Structure formats: C-alpha cells, structure tokens
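Novice: Residues in the sequence shown are numbered consecutively from -1, following this note's numbering.
Backbone N, C-alpha and C fix where the C-beta goes; we use that ideal spot for every residue, glycine too.
Bear in mind that the values here come from a model prediction, so they are computed numbers and not experimental data.
Quick one: the structure is below, and I'll ask about it shortly.
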Amino acid sequence: MIRIFDFLFSFFGLLFLWPVLVILYIIGLFDTGSPVFVQERVGRFKKPFKLIKFRTMPVNTQSVATHLTQNVQITKFGSFLRKSKLDELPQLINVLVGDMSLVGPRPNLFNQAELIAERDRRGVYNAVPGITGLAQINEIDMSTPVKLAEKDAEMLQSLTISDYFSYIFATVGGKGQGDRIQK
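Laid out in structure tokens, this is it:
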C-alpha cells in the first residue's frame, strides 16, 4: 500500500512541481554551475543506488556525511535550499522509480561504517530508504549512529499508513532540520 502512495505522490509531485524544479535548476546553474547532485547511497538490502538532490555545496566538495562538513562549504543558495528542504525535491525521482520511499530511514553513504553496522544489526536495511521518517522529525541525524539506528528500527517495527502521513505532514510543516553541519 505504501508503494502505491509513494508512486502516486511522487508522480503527481513531479508533475505539478516541475516549474519549481526548473526554476531551482536555473538558479543552481548560476550558484554552482552544476545544480544537480548525484551520490551513491546505501539502499534496501545494502544495494547501492544513485540519490538525486539539488547541489548545496561547491562541486569539488569531498563526499562525506553532512555532519562532517564545514558550514562555510554551503553556498548561500544552498543554505536556502536546505532550510526550505527544497534540495530534497529531486528525490521524488528516486521515489518514483522505487529506490526510495517518502518515509523510511535516510539513506547513508557506504563510508559510514559505524552506522551501517548499527543499522544492519537492527534489520533497518530490509526497508526501502526514505526522504523523511521518525528520526528526522525528532532531529536525530547521522552524527549519532546508534541513536539513529535505534529510532529507524523503532519506526520500521510499527510503521502504519497513519504514521506515514503524519511523518510527511510533520516534515512539510517544518519539523526536523536534517543533518547538522559541524561548526
């Protein structure tokens, strides 16, 4: 049932938001010269997939977890995209093709060994990763791998359709701030 909602919401989201995506893309061209960011992430059953986002950092930024980057690396437009969560809009493509869900554990990088071990131990990789979830709306990010893996597992054990919608509405309503930038 969740896959049906994911497909419908991502399809109609892309259909209705394409003008916004085009505008953000064009502004991003002036900001970084390469507005779309594609990065390999850990997917369901630990299989790799290409996550798509709007770029918020310069093109040559090292590929590490967000909480390990410096605040100065985020562009001014990138800061706006992150605060408004508009940098996540291209992930609707990932949801549409089934690599991601709207709700699930945030996909991590393959170099985050501690988080991978903690999530693997708790069966988190049996689920499709998501754009938002229980950890995100509670402001738990990848800087605390044990806590994040525990919250992800808690969410997956009891996820209902009602929870699915409440996590989406909480995120759209501004709850949760995503991964913290190290200062």
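Where does K181 land, buried or exposed, given buried means 16+ other C-beta within 10 angstroms?
Specialist: Note on K181: pLDDT 45, under 50, position unreliable in the model; no value is reported.
Novice: Applying the criterion that 16 or more other CB atoms from any shown protein chain within 10 Å of the CB defines a buried residue, is Y23 buried or exposed?
Specialist: exposed
Novice: With a threshold of 6 Å on Cβ separation, who are the neighbours of S99 within its own chain once the five nearest residues in sequence on each side are excluded?
Specialist: D4, V126 and G128
Novice: Under three-state DSSP, which class holds T130?
Specialist: strand
Novice: Using three-state DSSP, classify K181 as helix, strand or coil.
Specialist: Confidence is the limiting factor: at K181 the pLDDT is only 45, short of 50, which leaves the residue's position unreliable and the question unanswerable from this model.
Novice: Are there 16 or more other CB atoms within 10 angstroms of the CB of R1, so buried, or fewer, so exposed?
Specialist: Counting Cβ neighbours within 10 Å, R1 comes out exposed, since fewer than 16 surround it.
Novice: Quick one, which of L19, F43 and P105 has its alpha-carbon nearest L49's?
Specialist: P105
Novice: Under 8 Å Cβ to Cβ from Y162, same chain only, skipping five residues before and after it: list those, please.
Specialist: I0, F3, L100 and V101
Novice: What does a CB cutoff of less than 8 Å around Q89 pick up in its chain, not counting 5 residues either side in sequence?
Specialist: Correct list, in chain order: L49, I50, K51, M98 and I129.
Novice: Might you give, ordered along the chain, the residues of its own chain that have their beta carbon closer than 8 Å to the beta carbon of I135, omitting 5 neighbours on each side?
Specialist: Y165, A168, T169, K173 and G174
Novice: When DSSP labels each residue in this structure, what does E148 get in the three-state scheme?
Specialist: helix
Novice: In whole angstroms, what is the alpha-carbon distance linking K18 and L79?
Specialist: Residue identity differs from the one stated: residue 18 is Val in this sequence, not Lys. Across the structure, V18 and L79 are spaced so that their CA atoms are roughly 12 Å apart.
Novice: What would DSSP say about V40, mapped onto helix, strand or coil?
Specialist: DSSP, read as helix, strand or coil, puts V40 in strand.
Novice: Starting from L100, trace the beta strand (DSSP E) both ways and give me its first and last residue.
Specialist: S99 to V101
Novice: Can you tell me where the beta strand (DSSP E) holding L107 begins and where it ends?
Specialist: From DSSP, L107 is part of no beta strand (DSSP E); its letter is neither H nor E.
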